[in-house]
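Asker: To start, I am sharing the structure in question, which I have written as structure tokens.
Chains as they are written, first to last, in my numbering: chain W, 5 to 283; chain A, 539 to 819.
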């Protein structure tokens with residue numbers, strides 16, 4: 005019985021390791037191709053580089069210098085960090101107000117936010133681009149503001165769900181002791197919201213970092229973010245793609261995600277699972 | 539006390555609300571209105587009634603084709619992703635070492651953005667098809683199965699995490715009791731594990747459903763609709779109607795409204811199913 009179980013377990017390991025290799029191989033294939041000369045990539049992407057096809061770091065030099073990917077990286081980083089911070093703080097405040105002040109207005113607001121979650125982006129993309137351009141929000145600071153509007157639905161929904169589960173006595177005591185609502189919020193309420201704030205941050209960071217269409221429409225080709233830079237490198241080339249440089253760009257865009265994942269793995273997985281259940 | 543907070547509306551709610559209006563409420567209402575007009579820029583809109591809605595279906599069959607392609611893709615993805623994800627979750631909830639490492643690896647593709655995912659699989663699928671002297675643009679079925687494989691690679695880890703959380707929430711006494719009563723592993727699975735994770739099945743089904751139905755980035759990067767828009771999904775069809783054909787913006791907006799209604803319908807059904815279960819429990 006025991007040996008049968010051990011045999012079954014080692015079989016299971018073999019299978020899981022096989023699957024893990026299968027799951028990692030696409031990224032690995034991109035990585036090896038980023039070290040091959042550009043004419044030896046699409047002809048056989050599964051071949052390891054050899055002395056004839058090894059390109060060293062040439063692809064990275066070409067890819068980074070010609071595509072503006074470095075400034076795209078910094079832009080994406082700025083937008084993601086700024087938008088997530090603004091979203092978490094503003095939506096936590098809004099959610100607290102909506103939950104604690106019970107009126108017709110807050111009820112309507114809550115349902116509007118929830119409603120926005122089910123509307124696909126295509127419904128508003130054309131008119132949103134128009135409105136935003138008219139208001140001169142088509143720049144790096146403007147897009148942070150737009151992300152606040154688009155992210156508000158999910159954020160307010162998740163935050164208010166959490167706030168409803170915490171008792172209001174402590175906040176009230178703080179206000180009786182002379183705290184203004186602003187002080188009460190930042191000193192008493194906000195620290196309690198930490199778990200939801202982490203979940204909301206992770207979900208939004210993943211969305212904003214990888215978002216293509218919104219920055220493409222709002223910022224255009226001048227202020228490229230990472231996904232826009234990658235799409236344009238392919239779309240704008242019309243058949244004469246520098247595959248070597250392109251592979252280097254792909255690797256360059258995956259590395260920050262892997263590093264971030266390595267450090268916050270537990271938070272990310274738990275956050276996504278929690279987001280799935282609530283969202 | 540409560541009135542005290544009420545006065546703080548401008549500080550607590552206004553910034554979020556203004557942003558919400560500018561990027562969502564106003565464009566949404568404008569979008570509804572413009573779907574009944576003909577326009578090339580928003581300023582020159584002329585009321586045409588239901589013409590755009592009729593045109594969306596009758597001017598060419600691209601929209602209906604995209605709708606069917608999307609539905610087929612969604613059905614295949616929802617079934618395959620959830621079966622694989624549940625199967626992996628079962629394996630990783632057995633008492634063996636190293637499950638966390640495997641969980642981390644299987645979840646990883648979910649973090650990579652749609653555009654990058656699309657180009658990774660474009661390279662691989664074209665590489666495989668090159669052995670047969672073809673590439674992904676030769677036949678719509680290559681693009682279809684390419685999208686299905688991509689979707690599985692991206693979503694399995696995510697759904698697996700949700701299923702694992704749900705499986706770990708099954709009370710241990712229940713599983714022990716079934717063992718004492720002599721239930722076989724298969725019986726434990728069908729009579730205890732599967733019924734107990736049904737809420738997670740609903741969540742995962744609808745998550746994959748709406749993600750597959752609204753797929754855009756991956757579609758654009760993997761095939762961009764090739765060959766001849768045969769692998770064009772709904773979201774991409776709407777995008778192309780807006781931005782590749784002058785004078786068709788109104789039709790694009792009408793298609794977007796139909797798309798919104800379909801997505802809202804899916805969400806509504808999910809809400810009904812979830813609330814019904816909560817009542818019956």
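Using N, Cα and C, we set each Cβ at its ideal position, and we do this for glycine too.
All of these numbers come straight from a predicted model, not from anything done at the bench.
Strictly under 8 Å for the Cβ-Cβ distance: is residue 819 (chain A) near chain W by that measure?
Answerer: Here residue 819 (chain A) scores only 49 on pLDDT, less than 50, and its place in the model should not be relied on; the value that follows carries that caveat. Cβ-Cβ to chain W under 8 Å: no for residue 819 (chain A).
Asker: Report the residue from W:78, W:20 and W:109 whose alpha carbon sits nearest the alpha carbon of residue 233 (chain W).
Answerer: The shortest Cα separation from residue 233 (chain W) among W:78, W:20 and W:109 belongs to W:78.
Asker: Taking 8 Å as the CB-CB cut-off, is residue 120 (chain W) touching chain A?
Answerer: Closer than 8 Å to some Cβ of chain A, the Cβ of residue 120 (chain W) qualifies, so yes.
Asker: Does any residue of chain W bring its CB to less than 8 Å from the CB of residue 801 (chain A)?
Answerer: Interface residue, yes.
Asker: In whole angstroms, what is the alpha-carbon distance linking residue 735 (chain A) and residue 709 (chain A)?
Answerer: Using only the alpha carbons, I get a separation of about 12 Å.
Asker: If you drop the 5 nearest sequence neighbours on each side, which residues of the same chain put their C-beta closer than 8 Å to that of residue 190 (chain W)?
Answerer: Nothing meets the Cβ criterion.
Asker: Give me the chain W residues within the contact set of residue 542 (chain A), using Cβ-Cβ distance strictly less than 9 Å, ordered along the chain.
Answerer: In chain order: 179, 184 and 185.
Asker: According to DSSP, simplified to helix, strand and coil, what is residue 106 (chain W)?
Answerer: In the structure shown, residue 106 (chain W) sits in coil (DSSP, three-state: anything other than H, G, I, E or B).
Asker: Answer with buried or exposed for residue 168 (chain W), where buried requires no fewer than 16 other C-beta atoms within 10 angstroms of its C-beta.
Answerer: Answer is exposed; the Cβ neighbour count stays below 16.
Asker: If you follow the alpha helix (DSSP H) that residue 159 (chain W) is part of, which residue opens it and which one closes it?
Answerer: Start and end: 144–168.
Asker: To the nearest whole angstrom, what separates the beta carbons of residue 87 (chain W) and residue 15 (chain W), a pair I think is in contact under 8 Å?
Answerer: Incorrect: roughly 47 Å between the Cβ atoms, too far for contact.
Asker: Please name the residue in A:564, A:788, A:681 and A:730 whose C-alpha comes closest to that of residue 768 (chain A).
Answerer: Of the listed residues, the one whose Cα sits closest to residue 768 (chain A) is A:681.
Asker: Secondary structure at residue 612 (chain A), three-state DSSP: helix, strand or coil?
Answerer: Looking at residue 612 (chain A) - three-state DSSP - the assignment turns out to be helix.
Asker: Could you please tell me which residues of the region 42–56 of chain W, in chain order, have their CB closer than 8 Å to any CB of chain A?
Answerer: Answer set for the region 42–56 of chain W: 45, 46, 47, 48, 49 and 50.
Asker: How would you list, in chain order, the residues of chain A whose beta-carbon sits under 7 Å from the beta-carbon of residue 86 (chain W)?
Answerer: Those within 7 Å of residue 86 (chain W) in chain A number zero; the least Cβ separation is about 13 Å.
Asker: Let me know the secondary structure DSSP gives residue 545 (chain A) once reduced to three states.
Answerer: Residue 545 (chain A) falls in the coil class under three-state DSSP.
Asker: Starting from residue 222 (chain W) and walking both ways along the alpha helix (DSSP H), at which residues does that stretch end?
Answerer: Looking at the DSSP string, the run of the alpha helix (DSSP H) that includes residue 222 (chain W) is 217–223.
Asker: Can you pull the chain W neighbours of residue 787 (chain A), defined as C-beta to C-beta under 9 Å?
Answerer: Within chain W, the residues near residue 787 (chain A) are 130.
Asker: If we define contact as Cβ-Cβ less than 8 Å, is residue 720 (chain A) a contact residue for chain W?
Answerer: Taking Cβ atoms only, chain W never reaches closer than 8 Å to residue 720 (chain A), which makes this a no.
Asker: For the structure I just gave you, are there three or more beta carbon pairs, one from the region 769–781 of chain A and one from the region 603–615 of chain A, closer than 8 Å?
Answerer: Result yes; three or more Cβ-Cβ pairs closer than 8 Å.
Asker: Beta-carbon of residue 613 (chain A) versus every beta-carbon of chain W: anything under 8 Å?
Answerer: Answer no: the Cβ-Cβ gap between residue 613 (chain A) and chain W never drops below 8 Å.
Asker: If I follow the unbroken alpha helix (DSSP H) through residue 199 (chain W), where does it start and stop?
Answerer: Note, residue 199 (chain W): alpha helix (DSSP H), 198–214.
Asker: With 16 as the cutoff for other CB atoms within 10 Å, does residue 229 (chain W) come out buried or exposed?
Answerer: With 16 or more Cβ atoms within 10 Å of its Cβ, residue 229 (chain W) is classed as buried.
Asker: Give the secondary structure of residue 58 (chain W) by DSSP, where H, G and I count as helix, E and B as strand, and everything else as coil.
Answerer: DSSP places residue 58 (chain W) in strand when its eight states are reduced to three.
Asker: Smallest Cα separation from residue 566 (chain A): which of W:202, W:215, W:162 and W:125?
Answerer: Among W:202, W:215, W:162 and W:125, the Cα nearest to that of residue 566 (chain A) is on W:125.
Asker: Across which residues does DSSP place residue 585 (chain A) in a beta bridge pair?
Answerer: Answer by DSSP bridge pairing, in chain order: A:575.
Asker: So what does DSSP say about residue 633 (chain A), is it helix, strand or coil?
Answerer: The answer is coil: DSSP assigns residue 633 (chain A) none of H, G, I, E or B.
Asker: On the criterion of 16 or more Cβ atoms from any shown chain inside 10 Å, does residue 819 (chain A) qualify as buried, or is it exposed?
Answerer: Model confidence at residue 819 (chain A) stands at a pLDDT of 49, short of 50, so the residue's coordinates are unreliable and nothing is read from them.
Asker: Can you tell which of A:787, A:803 and A:731 has the C-alpha that lies nearest to the C-alpha of residue 631 (chain A)?
Answerer: Nearest option by C-alpha distance: A:731.
Asker: Determine which residues share a DSSP beta bridge with residue 9 (chain W) and list them.
Answerer: Its beta-bridge partners do not exist; DSSP assigns none.
Asker: If you compare alpha carbons, which of A:633, A:641, A:582 and A:615 is closest to residue 27 (chain W)?
Answerer: Minimum Cα distance to residue 27 (chain W) is reached at A:641.
Asker: Inspect the CB distances between the region 163–180 of chain W and the region 95–108 of chain W and report whether three or more fall short of 8 Å.
Answerer: Contact between the region 163–180 of chain W and the region 95–108 of chain W is present, because at least three Cβ pairs lie under 8 Å.
Asker: What residues match up with residue 40 (chain W) in a beta bridge as DSSP calls it?
Answerer: W:58.
Asker: When you compare only the Cα positions, how much space is there between residue 761 (chain A) and residue 184 (chain W)?
Answerer: Rounded to the nearest angstrom, the two C-alpha atoms are 56 Å apart.
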